[in-house]
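Same order as they appear, the protein sequences are chains P and C. This note's numbering numbers the first residue of the first sequence as 8 and each following residue consecutively. This note's numbering numbers the first residue of the second sequence as 8 and each following residue consecutively. Built from N, CA and C at the ideal position, the CB exists for glycine as well.
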Amino acid sequence: MTDTRDMRREMPLGLAQRGYTGVIQHLSAKDSGSALSDIELESRLIELGFVEGARVEVLHEGLVGRDPIAVRVDNITIAVRRREAMAVIVA
Amino acid sequence: MELPLLHVALVGTPNSGKTSLFNALTGSRQKVANYPGVTVERKEGFFVTPLGRQISVVDLPGTYSLRGRSPDEEITRDFVLGKASGEILPDLVLCVADSTNLRLTIRLLLELKRTGRPMILVLNMFDIASRRGISVDVDRLAKELGMPVVTSIAVRKGGTADLLALTDQISAKLAAEPSENSWRALSVSELRATQREADRIIADCVSLPARPDTLTSRIDAVVLHPVGGLIVLAAILFVMFQAVFAWAQPLMELLQSGFDALGEFVHAALPAGLLQSFLQNGVISGVGSVIVFLPQIIIIFLFILLLEDFGYMARAAFLMDRIMGGAGLHGRAFIPLLSSFACAIPGIMATRVIDNKRDRLTTILIAPLMTCSARIPVYTLIISAFIPAKDVWGFINLQGLVMFGLYAAGITSALVVSFLIKFFMLRDYAPAPFMLELPDYKVPRLKSIAIGIYTRAKMFLQRAGTTIFSMMVLIWFLASFPQPPAGTTEPAIDFSLAAIIGKAIAPLLAPVGFNWQIAVALIPGMAAREVAVAALGTVYAIEGGKEAAEQIGQALATKWSLATALSMLAWYIFAPQCASTLAVIRRETGSWTWMAVTFSYMLVLAYAASLLTYNVAVALGAG
């Protein structure tokens with residue numbers, strides 16, 4: 008799944024700025040600081056389409072603390088808080 | 008030959024157009040109730056297929072999986088598995104998909120397939136998908152999924168014809184296919200595997216256009232802009248408020264005069280006595296005082312449903328999430344709380360959009376603190392009688408300033424209470440994460456919205472006809488018995504149970520500056536807050552009821568001290584006495600406990616606020 012043309016550093020989606028585009032590398036729900044258990048958070052992210060290989064783009068940010076963010080995941084748009092988005096590792 | 012009733016369940020992800028398909032199939036032949044023991048809405052409708060088969064269809068809550076992470080999703084899972092109490096296993100499951108967005112639905116569908124129920128995949132909104140250049144190989148999809156696939160356009164007349172024909176075809180051979188349930192909760196890796204499988208099927212069967220929905224991105228560029236978005240939201244709210252107050256006003260007045268006329272008619276048609284008083288004061292004016300809110304409820308739901316259908320609601324939640332989060336509230340609590348400014352009843356009903364149970368409960372508990380329109384008559388009466396209409400700092404009207412202060416006090420206390428609830432009562436509970444699909448914008452479906460408003464209005468009226476009616480009768484009884492002795496000149500209410508109770512509790516209310524007349528007025532005020540105005544008129548022996556508000560004001564100005572008036576205003580910021588709101592809280596939380604909790608905490612706040620206001624005012628020489 009790694010993008011060979013563009014060897015970008017992996018980072019959590021929760022730190023991405025508006026306009027960021029990338030591809031999901033893997034999910035890492037451990038120590039994300041979310042109120043949900045690791046398994047629950049990972050399951051919910053998958054159910055909303057955050058799976059390895061999906062293209063993501065950060066479309067919008069909220070006013071306070073630039074949170075939550077609206078993320079394009081392939082062809083749907085999902086709003087998440089940055090805290091939960093920390094579990095999505097992109098590059 | 009009479010064919011047996013076929014039971015069909017509608018399942019789909021949120022935003023799949025499931026409800027509009029349900030409305031298209033059944034029209035107004037719908038029954039809305041609650042599932043036993045939970046506050047999840049159970050929507051069942053009926054229709055007849057072209058071959059004359061009777062179908063009962065249940066619109067199950069939207070879900071992304073069968074894991075059942077909320078009461079709504081548990082219902083969907085249990086229903087499909089035939090485990091929901093009092094429900095039978097559906098004969099056929101219609102899985103509804105938004106054709107423009109198949110990914111999440113196909114994954115859900117693969118999971119649903121394991122339940123072994125006969126299924127049909129309905130590709131809804133197929134017209135929008137075609138217009139956007141999305142093409143679906145329906146036959147191949149059906150082969151890959153191993154189930155019939157049919158396209159539909161729920162919003163167009165005849166758009167469900169293929170679905171109806173297929174239902175007939177399938178139902179003819181249903182019994183011949185016994186099935187085995189092999190569903191169990193999926194592990195994370197199985198979940199991932201089903202999503203991969205879904206993505207593979209979609210890659211094989213669906214070709215997506217190069218360009219995404221540009222209209223949605225163009226609208227979002229404005230409405231989700233961190234600053235611009237909030238301005239747009241404020242503008243929408245402004246229009247909504249204007250509508251609720253301005254548009255509803257003539258209708259409310261019409262209803263009010265209708266009920267007044269009906270009361271007058273009864274008054275004239277019947278001989279003076281108990282029956283006349285019961286019908287006029289107990290039944291007609293009691294139930295009427297609640298039904299006059301129907302126009303406001305309809306207008307609020309018109310806005311809520313329009314915005315929801317358009318796809319804006321999720322955006323409003325996105326914009327408000329962090330701002331509300333400061334007080335421990337979920338972004339989705341915004342609209343219900345806003346609606347509560349008109350009336351807490353539709354506000355509390357609207358909390359159903361909050362899927363987390365505890366977030367919803369917090370919102371229900373603080374909704375009555377928002378200054379509802381029923382408090383306005385009380386506020387304006389006291390303000391115009393006691394607060395001079397002079398300008399402060401040259402340009403601000405003092406009366407307006409006091410009114411604004413009362414609203415601000417309500418909002419502030421709601422935020423503080425919400426914070427305290429999270430801090431003390433639900434401390435062990437971490438806030439629900441905000442994870443929400445922002446659907447593409449769609450033209451609202453007017454017929455679907457009309458049906459939605461109709462069912463809400465019907466629910467409200469049914470409630471007015473049952474719970475509220477019985478409370479009104481009780482309040483009338485308290486205010487009418489025992490009867491005054493013949494030939495007395497005192498107002499009849501002075502001899503009633505209400506007066507006995509009022510006088511008994513008057514010593515308790517003395518520290519906040521209330522006399523026994525106020526205590527008595529608070530009892531019929533239980534019916535609806537503004538009824539207290541008329542009740543004050545009655546106890547001060549003024550004829551003419553509400554029409555004579557000015558007269559009541561003049562009487563109060565001579566009989567109350569300023570401190571008492573201010574104390575009364577402070578009381579009404581919190582005033583728990585609204586039987587209808589309490590009845591709705593009972594219904595929506597499914598518990599007497601939360602109703603009692605709301606009543607008690609508001610009573611304590613009202614007493615404390617009045618006590619403080621009265622004593623400060625007396626100390627400052629307003630006694």
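For the alpha helix (DSSP H) that residue i lies in, which residues bound it at each end?
i: V611 of chain C; result: W599 to A626
i: L314 of chain C; result: L301 to F317
i: I580 of chain C; result: L569 to F581
i: R89 of chain P; result: R89 to A92
i: L282 of chain C; result: L281 to S284
i: I82 of chain C; result: P78 to V87
i: R225 of chain C; result: T221 to V230
On a Cα-Cα basis, can you pick out the residue from the options that is closest to residue i?
i: I31 of chain P; options: P:V87, P:L66, P:F57 and P:V65; result: P:F57
i: H14 of chain C; options: C:C212, C:V162, C:R124 and C:N522; result: C:R124
i: A582 of chain C; options: C:K566, C:F606, C:F521 and C:L313; result: C:F606
i: L286 of chain C; options: C:R114, C:F476, C:N622 and C:S346; result: C:F476
i: V65 of chain C; options: C:V424, C:A626, C:F86 and C:G75; result: C:F86
i: T588 of chain C; options: C:P353, C:E151 and C:G318; result: C:P353
i: V600 of chain C; options: C:L372, C:R339 and C:Y614; result: Just to set this straight, residue 600 of chain C is Thr in the shown sequence, not Val. The residue with the shortest Cα to Cα distance from T600 of chain C is C:L372.
i: K50 of chain C; options: C:P395, C:L610, C:K38 and C:M327; result: C:K38
i: S617 of chain C; options: C:A539, C:L515, C:M533 and C:R536; result: C:L515
i: R110 of chain C; options: C:Q490, C:V527, C:I304 and C:R203; result: C:R203
i: G509 of chain C; options: C:G494, C:G520, C:I530 and C:I389; result: C:I530
i: E48 of chain C; options: C:P57, C:I62, C:R60 and C:L67; result: C:L67
i: V480 of chain C; options: C:N288, C:L173 and C:K90; result: C:N288
i: I76 of chain P; options: P:R25, P:M18, P:E17 and P:D45; result: P:R25
i: R147 of chain C; options: C:R207, C:K429, C:P216 and C:L10; result: C:R207
i: G338 of chain C; options: C:F502, C:P440 and C:D144; result: C:P440
i: G59 of chain C; options: C:A179, C:D501 and C:V611; result: C:A179
i: I40 of chain C; options: C:P155, C:K465 and C:E197; result: In the sequence as displayed, the identity of residue 40 of chain C is Ala instead of Ile. It is C:K465 whose Cα lies nearest to the Cα of A40 of chain C.
i: A457 of chain C; options: C:L10, C:E187, C:T26 and C:P216; result: C:T26
i: L253 of chain C; options: C:A421, C:Q303 and C:Q61; result: It is worth fixing the name first, because residue 253 of chain C is Ala in this sequence and not Leu. Comparing Cα-Cα distances from A253 of chain C to each of C:A421, C:Q303 and C:Q61, the minimum goes to C:Q303.
i: E315 of chain C; options: C:Q61, C:T565, C:E444 and C:G153; result: C:E444
Measuring only the C-alpha atoms, how far is residue i from residue j?
i: R635 of chain C; j: Q561 of chain C; result: Because chain C spans 8 through 630 in this model, residue 635 of chain C falls outside it and cannot be assessed.
i: V273 of chain C; j: Q406 of chain C; result: 39 angstroms
i: R88 of chain P; j: G52 of chain C; result: 37 angstroms
i: H67 of chain P; j: R73 of chain P; result: 9 angstroms
i: L116 of chain C; j: A200 of chain C; result: 13 angstroms
i: Q256 of chain C; j: M377 of chain C; result: 20 angstroms
i: T358 of chain C; j: G69 of chain C; result: 16 angstroms
i: P451 of chain C; j: G19 of chain C; result: 19 angstroms
i: V604 of chain C; j: S425 of chain C; result: 14 angstroms
i: S347 of chain C; j: C379 of chain C; result: 6 angstroms
i: E550 of chain C; j: A506 of chain C; result: Because the pLDDT of E550 of chain C is 45, which lies under 50, any placement of that residue in the model is unreliable, and the number read from its coordinates should be weighed accordingly. Taking the straight line from one Cα to the other gives about 18 angstroms.
i: R594 of chain C; j: R382 of chain C; result: 23 angstroms
i: G552 of chain C; j: A539 of chain C; result: Low local confidence applies: a pLDDT of 44 at G552 of chain C is under 50, so the model's placement there is unreliable, and no value is given.
i: A61 of chain P; j: R79 of chain P; result: 10 angstroms
i: S189 of chain C; j: R121 of chain C; result: 5 angstroms
i: A23 of chain P; j: R329 of chain C; result: 18 angstroms
i: L17 of chain C; j: M533 of chain C; result: 42 angstroms
i: L215 of chain C; j: A136 of chain C; result: 9 angstroms
i: G165 of chain C; j: L312 of chain C; result: 24 angstroms
i: S391 of chain C; j: G235 of chain C; result: 38 angstroms
Taking the continuous beta strand (DSSP E) assigned at residue i, which residues delimit it?
i: F53 of chain C; result: E48 to V55
i: T158 of chain C; result: V156 to T158
i: T28 of chain P; result: T28 to L34
i: E444 of chain C; result: M442 to E444
i: S63 of chain C; result: Q61 to D66
i: D105 of chain C; result: L99 to D105
i: I127 of chain C; result: M126 to N131
i: A77 of chain P; result: I76 to V80
i: V95 of chain P; result: V95 to V97
i: R62 of chain P; result: R62 to E68
So residue i and residue j are supposed to be a Cβ contact under 8 angstroms. How far apart are they, rounded?
i: A276 of chain C; j: I307 of chain C; result: A276 of chain C to I307 of chain C, Cβ: 36 angstroms. No contact.
i: A577 of chain C; j: V625 of chain C; result: Going by Cβ atoms, the distance from A577 of chain C to V625 of chain C rounds to 13 angstroms, so no, they are not a contact pair.
i: S133 of chain C; j: I95 of chain C; result: The amino acid occupying residue 133 of chain C in the given sequence is Phe; Ser does not appear at that position. That pair is no contact at about 31 angstroms.
i: E54 of chain P; j: H33 of chain P; result: Going by Cβ atoms, the distance from E54 of chain P to H33 of chain P rounds to 17 angstroms, so no, they are not a contact pair.
i: V157 of chain C; j: L173 of chain C; result: 5 angstroms
i: G29 of chain P; j: A98 of chain P; result: 6 angstroms
Note to self: Using 8 angstroms as the cut-off, can you tell me whether the region 76-84 of chain C makes contact with the region 97-116 of chain C, which would need three or more C-beta pairs spanning the two stretches below that distance?
What the structure shows: The region 76-84 of chain C is not in contact with the region 97-116 of chain C.
Notebook entry, point to check: On the three-pair Cβ rule with 8 angstroms, is the region 23-38 of chain C touching the region 136-144 of chain C?
Noted result: Segments in contact, no.
Notebook entry, point to check: Is it a yes or a no for the region 219-235 of chain C touching the region 319-336 of chain C, going by three-plus beta-carbon pairs under 8 angstroms?
Noted result: Contact holds: three or more Cβ-Cβ distances are below 8 angstroms.
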